[in-house]
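What follows is one structure encoded as structure tokens, with my remarks underneath.
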Amino acid sequence: MSNTPKRYTITAALPYTNGPIHIGHLAGVYVPADIYARYLRMQGNDVAFVCGSDEHGVPITIKAKKEGVTPQDIVDKYDGVIRQSFKDFGVSFNNYSRTSAKVHHDTASAFFKKMYDDGKFIEETTQQLYDEKAGQFLADRFVTGTCPKCGNEEAYGDQCESCGTSLNATDLINPKSAITGEVPTLKETRHWFLPLDQYQEWLDEWIVKGHAHDWKSNVHGQVKSWLNDGLRARAVTRDLDWGIPVPVEGGDGKVLYVWFDAPIGYISSTKEWAEREGKDWEPYWKDENTKLVHFIGKDNIVFHCIIFPVMLKAHGDYILPENVPANEFLNLEGKKLSTSKNWAVWLHEYLEDFPNQQDVLRYVLTANAPEAKDNDFTWKDFQARNNNELVAVFGNFINRVVVLTNKYYSGILPEPNKYTKVDEQTIAELKAYPAVIASSIEKYRFREAQGELMNLARLGNKYLADEEPWKIIKTDEERVKTVMYVALQIASALATLSEPFLPFTSAKLQKMLNFTDTENKLSGGEYSQWDKIATRDSLLPAGHQINKAELLFSKIEDTQIQEQLDKLEATKTANAAKEKEVEPQKKTATFEDFTKMDLRVGTIIEAHKMPKTKKLMVIKVDTGLNQRTVVSGIAEHYKAEEIIGKKVTVLANLAPRKLRGVESEGMILMTENAAGKLVFVNPDEDGVEPGTTIN
Ligand SMILES: [Zn+2]
């Protein structure tokens with residue numbers, strides 16, 4: 001445990017302001033960041049916990065186009081919704097800003113300008129993807145295509161979300177405009193590039209060698225793998241009209257790339273906060289003794305471990321992050337959370353169904369946190385953790401302590417007698433918890449930390465169950481005084497140590513135990529209460545008056561869980577119906593177009609799954625012309641041995657392309673049956689419906 005207060009700047013990923021937030025966001029970023037920030041404040045540290053709405057970028061423009069409104073309308077709407085959710089769930093930001101704020105435009109512009117003046121960019125005219133029909137350059141999410149690294153067919157123009165690789169739009173195989181669906185052409189345009197390759201060696205020293213042991217292995221491993229592949233220069237400007245104008249000569253009609261401006265939003269948010277509080281913002285970003293920690297999801301690792309640090313380093317005035325504890329993804333009932341498929345538990349909807357039960361969701365999301373690997377949220381588990389842990393252990397213990405103290409002593413703590421061995425051991429165990437929980441939190445192991453908090457509640461519950469004050473009150477009143485006194489010390493420690501994890505419960509419990517009446521003041525007090533648990537003889541003194549019992553948690557019934565499962569079932573049905581809709585007919589193809597395609601019957605003579613991929617199969621086909629290799633994305637649908645000897649239709653003259661280093665010469669035609677399985681083209685195959693496209 002750290003006893004000398006330090007300065008911390010804690011950032012949580014800026015949410016895209018194109019929709020509300022769901023449990024995946026909370027579990028991946030905001031709850032762990034909040035636990036960390038609250039804990040540090042309780043230790044007496046100087047903490048700036050900042051975030052804000054990310055209001056630039058293509059997703060917002062796309063959403064605005066879809067809804068027929070302006071991007072400003074979209075961000076105004078969702079900034080409000082998102083702010084409210086954070087407030088409702090007790091995420092204790094010191095400041096929540098917006099990247100459309102003037103302070104941010106000024107800060108991001110000045111940042112770019114300084115790097116430009118210092119010659120940190122490369123200015124280059126290159127060929128970029130262009131949508132003739134929309135009259136617009138395509139970058140980032142305006143273009144999708146196949147990832148050259150992993151074969152994911154829905155990679156974006158700046159990143160593949162499947163493998164996390166950062167991409168340039170021109171890297172995509174078979175790019176397609178997200179605006180019109182057209183195949184883009186190439187058009188010349190001038191942009192500023194950040195030469196990441198020049199920082200490769202430095203990043204290798206700083207992260208791969210320097211943070212091999214203190215950064216999470218999922219983060220360290222990702223960075224190492226990208227550095228092994230070699231970094232390339234990346235454009236940091238875009239031909240778009242929504243964003244921060246490029247503040248230098250030749251920048252007309254161009255804006256900063258959203259991932260250039262967004263992380264600077266952390267700095268702007270800190271400035272906004274400092275100004276309001278009458279503080280100096282600079283030490284929080286420029287003093288070497290400040291610890292900068294970025295909380296993010298795994299899809300943001302490249303931006304926070306490579307691009308932003310290179311920007312900070314190139315700019316020269318700023319400190320670098322001490323850690324980037326990124327989480328993996330949370331799934332919902334076994335399926336990937338998806339905003340577009342409405343496969344999510346939205347925070348504002350949760351609160352309608354489970355009013356005032358924010359802490360239950362915080363608890364379950366931390367207990368299941370995807371800290372080292374993707375994890376699953378299920379409603380059954382949610383119910384079980386509430387009923388068997390929060391209600392049966394934590395709530396039950398507190399309720400017994402408070403009710404019995406009121407019943408036996410009118411709520412006044414009794415004077416204890418001499419401790420027995422059991423009492424002494426219980427108190428000794430209690431005093432070990434603050435350090436144990438703190439150590440886990442400081443290692444970013446929030447799941448483990450909360451598990452220890454629950455063990456403390458178990459200690460209390462077991463102590464009462466073993467000592468049975470409600471029985472011995474008839475025979476040994478003096479012994480009951482000691483038992484209740486010890487139990488109240490545990491309750492008091494729980495009230496303090498639960499604050500980072502369960503802030504609403506902690507507040508309620510502090511009120512029940514009448515903390516304000518003692519020197520047991522929490523965060524904001526003169527000393528760190530956390531540490532006092534281990535060093536003080538008593539947390540609540542004899543003679544202290546507590547208040548009446550209130551229920552901390554309530555049982556969640558099967559019917560409530562069934563309602564949630566029914567909701568998800570309805571979403572599934574709606575999605576299936578949407579997917580079944582027959583795709584509209586494509587543009588007319590001339591006979592000449594058709595004759596350009598050389599379709600042949602082939603026989604599969606060899607096949608094997610491509611190593612380290614999920615979908616790709618390397619297939620050798622005898623086309624009659626020759627034996628050739630075709631890479632096909634069917635490995636999740638067929639085993640290699642099943643398809644050898646099959647006759648298939650091959651588009652033989654498709655331009656060859658490389659997938660994961662293997663050249664694919666042609667394409668095997670496939671279609672999808674009603675169950676979503678890819679099958680070889682044979683309209684008689686089970687489940688192949690009229691109207692299904694062949695590709
Ligand atoms: Zn990929």
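All residue numbers for the sequence shown refer to the UniProt record's numbering, where the first residue is 1 and numbers rise by one. Note that CB positions come from ideal geometry on N, CA and C, so glycine has one too. Here the structure is a predicted model, which means the values were calculated and not measured.
Legend entry - Residues that DSSP places opposite Q450 in a beta bridge: Its beta-bridge partners do not exist; DSSP assigns none.
Legend entry - Exposed unless 16 or more other CB atoms sit within 10 angstroms - verdict on D214: So D214 ends up on the exposed side.
Inset, instruction - Apply the 10 Å Cβ neighbour rule to V648 and answer buried if 16 or more other Cβ atoms are within range, or exposed otherwise. - result: buried
Inset, instruction - Pick helix, strand or coil for V681, following the three-state DSSP scheme. - result: Here DSSP, grouped into helix, strand and coil, assigns V681 to coil.
Legend entry - Nearest to V401 (by Cα), restricted to the options G265, K474, Q489, K658: Q489
Inset, instruction - With a threshold of 7 Å, establish whether the CB of A155 neighbours any heavy atom of ligand 1. - result: yes
Inset, instruction - Could you give the DSSP three-state label for M610: helix, strand or coil? - result: coil
Inset, instruction - Indicate the three-state DSSP secondary structure (helix, strand or coil) for E526 in the structure shown. - result: Note on E526: pLDDT 41, under 50, position unreliable in the model; the coordinate value appears next. Note: E526 maps to coil in three-state DSSP.
Inset, instruction - May I ask you to check if the CB of K149 is nearer than 7 Å to at least one heavy atom of ligand 2? - result: The model on display carries ligand 1 but not ligand 2.
Legend entry - K586 to E205 span [Cα, whole Å]: In this structure, the CA atom of K586 is about 52 Å from the CA atom of E205.
Legend entry - Start-to-end residues for the alpha helix (DSSP H) that takes in D359: That run of the alpha helix (DSSP H) goes 358-367.
Inset, instruction - Mark H220 as exposed unless 16 or more other C-beta atoms lie within 10 angstroms of its C-beta, in which case mark it buried. - result: buried
Inset, instruction - Just the C-alpha distance for I533 and V480, rounded to the nearest angstrom, thanks. - result: 23 Å
Legend entry - Which listed residue (K615, G645, E592, Q562) has its alpha carbon closest to that of T603: G645
Inset, instruction - May I ask whether a heavy atom of ligand 1 can be found less than 7 Å away from the beta carbon of S162? - result: yes
Legend entry - Inter-residue CB distance, A233 and L172 (contact presumed, cutoff 8 Å): The Cβ separation is near 17 Å, so there is no contact.
Legend entry - Extent of the continuous beta strand (DSSP E) run through G52: 46-53
Inset, instruction - Under 6 Å Cβ to Cβ from V258, same chain only, skipping five residues before and after it: list those, please. - result: H56, G57
Legend entry - Buried or exposed (CB count within 10 angstroms, at least 16 for buried), W192: buried
Inset, instruction - Helix, strand or coil for R385, going by three-state DSSP, please let me know. - result: Three-state DSSP puts R385 in a helix.
Legend entry - Collapsed DSSP secondary structure at K521 in the structure displayed: Note that K521 scores a pLDDT of 49, beneath 50, so its modelled location is shaky and nothing firm can be said.
Inset, instruction - Could you check how far apart the C-beta atoms of F295 and P325 are, in whole angstroms? I think they sit under 8 Å. - result: 6 Å
Inset, instruction - Examine ligand 1 and report whether any of its heavy atoms sits within less than 7 Å of the Cβ of N152. - result: Yes, the Cβ of N152 comes within 7 Å of a heavy atom of ligand 1.
Inset, instruction - Classify Q627 as buried or exposed, calling it buried when 16 or more other Cβ atoms lie within 10 Å of its own Cβ. - result: exposed
Inset, instruction - Could you pull out every residue in the same chain whose Cβ sits closer than 6 Å to the Cβ of V630, ignoring the five residues on either side in sequence? - result: I619, V621, S664, G666, I668
Legend entry - Neighbour-count burial assignment, Q562, 16 or more Cβ in a 10 Å radius: exposed
Legend entry - Whether F89 touches Q358 by CB criterion (8 Å): Taking 8 Å as the Cβ cut-off, F89 and Q358 qualify as a contacting pair.
Inset, instruction - State the DSSP-derived secondary structure class of N323, mapped to helix, strand or coil. - result: DSSP places N323 in strand when its eight states are reduced to three.
Inset, instruction - Could you check what DSSP says for Y16 in three-state terms: helix, strand or coil? - result: strand
Inset, instruction - Closer than 7 Å by C-beta to A493: which residues in its own chain qualify, once you throw out the five before and the five after it? Chain order, please. - result: L430, Y433, L456, I533, L539
Inset, instruction - Measure the C-alpha to C-alpha separation of T9 and P283 and round it to an integer number of angstroms. - result: 10 Å
Legend entry - Secondary structure of H220, DSSP reduced to three states: Looking at H220 - three-state DSSP - the assignment turns out to be helix.
Inset, instruction - Would you mind listing the beta strand (DSSP E) stretches within the stretch 84-158 that are 3+ residues and don't spill past its ends, in chain order? - result: 95-98, 122-131, 143-146
Legend entry - Bridge-paired residues (DSSP) for D374: According to DSSP, which records beta bridges pairwise, D374 is partnered with nothing at all.
Legend entry - Distance between beta carbons of G145 and A155, contact taken as under 8 Å: Contact holds; Cβ gap of about 6 Å.
Legend entry - CB-CB length for V486 against P469, believed under 8 Å: Contact doesn't hold; Cβ gap of about 10 Å is too wide.
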